[in-house]
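Residue numbers are given in our numbering: position 58 of the sequence shown equals residue 58, and the series is strictly consecutive.
Glycine included, each C-beta is placed from N, C-alpha and C at the ideal position.
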Amino acid sequence: MDDHIESPTGDVKLTRRDLLIAGAVSATVAAVPAVAGGQAQPADTRSDARTDTPTPPVTTEVALTVNGQQRQLKVDTRTTLLDALREHLHLTGTKKGCDQGQCGACTVIVDGRRINSCLTLAVMHQGAQVTTIEGLGTPAKLHPMQAAFVKHDGYQCGYCTPGQICSAVSVLDEIRQGLPSHVTDDLARAPQLTEAEIRERMSGNICRCGAYSNIVDAIVEVAGRKA
Numbered sequence: 001m002d003d004h005i006e007s008p009t010g011d012v013k014l015t016r017r018d019l020l021i022a023g024a025v026s027a028t029v030a031a032v033p034a035v036a037g038g039q040a041q042p043a044d045t046r047s048d049a050r051t052d053t054p055t056p057p058v059t060t061e062v063a064l065t066v067n068g069q070q071r072q073l074k075v076d077t078r079t080t081l082l083d084a085l086r087e088h089l090h091l092t093g094t095k096k097g098c099d100q101g102q103c104g105a106c107t108v109i110v111d112g113r114r115i116n117s118c119l120t121l122a123v124m125h126q127g128a129q130v131t132t133i134e135g136l137g138t139p140a141k142l143h144p145m146q147a148a149f150v151k152h153d154g155y156q157c158g159y160c161t162p163g164q165i166c167s168a169v170s171v172l173d174e175i176r177q178g179l180p181s182h183v184t185d186d187l188a189r190a191p192q193l194t195e196a197e198i199r200e201r202m203s204g205n206i207c208r209c210g211a212y213s214n215i216v217d218a219i220v221e222v223a224g225r226k227a
């Protein structure tokens, strides 16, 4: 038998079953108007309504000096420097690897510093000097680092090689300028050209073929030491 619940005034008696049924009915009645209102809301006034006309991209003019040549581009403001080089200027030597700044295949030299071109927007480099692998040397006249990579077999599949070479050229410039790295022992002295320094500074450039020792030999030779 259901237990009876007496109201505080003592004039109304309900069973527990009656109380549960009354509560369920009340909740249903309260919810129905909200649902009905939502169904009756016109489609074109809802906050998530979509239009058939897409918003056009925002474009802007960007002036760069790429490999010694003045270049004027009109790009979507979301265009990375990597895509500007590859898709707009057709300089496909710079490779798109991970597109997340983790492999180094897209390394180029901007205003004397190496950067991952996939992590920066073209519009951020208005007036900058950009050097890609095409600007370091040509097949007829290789850059010393390019020649050293060939001599020491510093590549296998070659996909990461443009970024490796651009990074290697910058590594030697960093050491010449006295810029320390994570493994520099004495910050009061200029960093020394050691294999530890080279490997640390090149650690952001991944070679999936594993030609690391040959890459180090190539860099050491260009630096003027016997590999």
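Which same chain residues, not among the five before or five after N214, have their C-beta less than 7 angstroms away from its C-beta?
H152, D153, G154
Spatial distance of T194 from D76 (CA atoms)
43 angstroms
Taking the straight line between their C-alpha atoms, what separation do you get for L233 and H182?
Residue 233 lies beyond the range of the chain shown here (1 to 227); nothing can be said about it.
Decide if the stretch 156-170 is in contact with the stretch 199-207; the criterion is three or more beta carbon pairs, one per stretch, under 8 angstroms apart.
yes
Per DSSP, R114 is paired with what?
I109
Within 7 angstroms, strictly: CB atoms of L82 and C98:
Cβ atoms of L82 and C98: not closer than 7 angstroms.
Hey, V62 and V110 are a contact pair by Cβ (cut 8 angstroms); roughly how many whole angstroms apart?
The pair is not a contact, with the Cβ atoms about 13 angstroms apart (cut-off 8 angstroms).
Would you mind giving the Cβ-Cβ distance between V66 and T120, rounded to the nearest angstrom? I have them listed as a contact below 8 angstroms.
Contact flag wrong, Cβ pair sits at about 14 angstroms.
Strand pairing of A63, partner residues [DSSP]:
Q72
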